[in-house]
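Here is the structure we will look at.
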Amino acid sequence: MVIVKGPELLRYSFPGSHPLTSVRLERFYERLERELGNASGVRFIKPRMASEEELTLFHTARYVEYVKRMCERGYGYLDYGDTPAYRGGYEAASYVVGSTLELCRLVLRGETKRGFNPMGGLHHARRDTAGGFCIFNDVGVAIHYLLDRHGLKRVAYVDIDAHHGDGVCYDFYSDERVIFADIHQDGRTLYPGTGFEHEIGEGNAKGLKLNIPLPPYAGDEEFIQAFGRIEEFLGKHEFDIILFQCGADGLMGDPITNLQYSPRAHEHAAKRLLELSERKCGGRIIAMGGGGYNPDNVAAAWMAVVKTFAEY
Ligand SMILES: [Zn+2]
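Following this note's numbering, the numbering of the sequence shown begins with 3 at its first residue and continues without gaps.
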């Protein structure tokens, strides 16, 4: 498997007492080095920046310019108060997107089957706005890159972050080329307040979006049961690659959510998706780190995914 590693991703770090800082990624890289630094099944690549042209595969040109201008100015918010503009933020966010695209490229070329971008999975950014700590939506850009640039027919996106992946759900809500499945804390009790059972897609994509809200304080047992529904759902459809947002903020002790998973949840999901990918799409799967605001939890959850992918 291939993992993106480099200081450029650490620059995606909001100033002051913001919950999303580079500490979480540093904690993960430390554990990765210690436990898988010499593992034969793991190859590291450097982050690369996405071009403006790539960013506009998903985002509007106007929004890309706005982010650039706001980050040059270096203060204020890119949304209504969750996602600050800071100097270097535009470049940092572009590195996150470029890194996910680079993994897509390597997988499409057959150089590897599995990839992980720990800073990726910025699933709240919309085509024309930031949201929930997410400046650019690397998943959204990657989906267009895979479908429009490289001719894949269908992408399966699975999201286990504690928050609903609204930027992917609604910006592809009527796109039948995107199979979407998301387990998250009930939107009535957590940001972004969306992702209800009745939201199943529309038009040609009706029935191709699966939203599974869990009540606050749900743990591994509820997660594993819900994940069975995702397996059944994906089993019914055909797709060419799996994109897996494995946010770690559902683990017990996260400061901003109320779920109570253990890293077993991530291990379970990674194992089942790996099996599915082998069965349905030539083993092609790319994971992205997503949220998680307790650094030890983040390192534990992501290590569970990476070890599964590396068959370590
Ligand atoms: Zn989250």
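We put the CB at the ideal spot given by N, CA and C, even for glycine.
Handout entry: Nearest residue (CA-CA) to GLU67, options PHE118, ARG107, GLY8, ARG129
Key = On the sequence shown, position 65 is the one that residue 67 refers to. The option with the nearest alpha carbon to GLU67 is ARG129.
Exercise for the section: Quickly, what does DSSP pair PRO215 with across the bridge? List them, please. Expected result: The count along the sequence shown starts at 1 and reaches residue 215 at position 213. Its beta-bridge partners are HIS186.
Practice task
Quick one: residues in its chain with C-beta nearer than 6 Å to the C-beta of GLN262, no 5 flanking neighbours on either side, listed in chain order?
Solution key: As a first step, residue 262 must be located in the sequence shown, where it is residue number 260. Cβ within range, chain order: TYR219, GLY221, MET254.
Exercise for the section: Please go through the same chain and pick out, in chain order, the residues whose beta-carbon is closer than 7 Å to the beta-carbon of ALA52, but skip the five residues on each side of it. Expected result: Here residue 52 refers to the residue found at position 50 when the sequence shown is read from its first residue. Listed in chain order, the non-local C-beta contacts of ALA52 below 7 Å within the same chain comprise SER96, VAL99, GLY100, LEU103, VAL143, local neighbours out to five positions each way being set aside.
Exercise for the section: Please state if the CB of GLY249 and the CB of GLY294 are separated by a distance shorter than 8 Å. Expected result: Here residue 294 corresponds to residue number 292 of the sequence shown, with the count starting at 1. Here residue 249 corresponds to residue number 247 of the sequence shown, with the count starting at 1. The answer is yes: Cβ separation under 8 Å.
Practice task
Give the range of the alpha helix (DSSP H) segment to which ILE103 is assigned.
Solution key: Position 101 of the sequence shown, counted from the start, is the residue given in the question as residue 103. For clarity, residue 103 is Leu in the given sequence; the question names Ile instead. Segment 91-110, the alpha helix (DSSP H) holding LEU103.
Practice task
Verify the contact flag: ASP168, CB atom, against every heavy atom of ligand 1, threshold strictly below 7 Å.
Solution key: Looking up residue 168 in the sequence shown gives position 166. No.
Practice task
Quick one: residues in its chain with C-beta nearer than 7 Å to the C-beta of GLU178, no 5 flanking neighbours on either side, listed in chain order?
Solution key: Looking up residue 178 in the sequence shown gives position 176. So the list reads ASN206, ALA207, LEU210, once near-sequence residues are dropped.
Exercise for the section: Would you be able to state if there are at least three C-beta pairs under 8 Å between the segment 102-122 and the segment 136-156? Expected result: yes
Practice task
Quick one: give me the first and last residue of the beta strand (DSSP E) that GLY230 is part of.
Solution key: Counted from its first residue, the sequence shown places residue 230 at position 228. Taken as a continuous stretch (DSSP letters only), GLY230 belongs to no beta strand (DSSP E), being part of the alpha helix (DSSP H) at 222-237.
Handout entry: Counterpart residues of HIS246 in DSSP-defined beta bridges
Key = Here residue 246 refers to the residue found at position 244 of the sequence shown. Note on identity: in this sequence residue 246 is Phe, with His being the wrong assignment. Note: PHE246 sits in a beta bridge opposite VAL160, ALA289.
Handout entry: Helix, strand or coil at ILE5 according to DSSP, with G and I counted as helix
Key = Locating residue 5 in the sequence shown gives position 3, counting from the first residue. Strand.
Handout entry: For ARG13, the three-state DSSP class (helix, strand or coil)
Key = Residue mapping note: residue 13 aligns to position 11 of the sequence shown, counting from 1. In this structure, ARG13 counts as coil in the three-state DSSP scheme.
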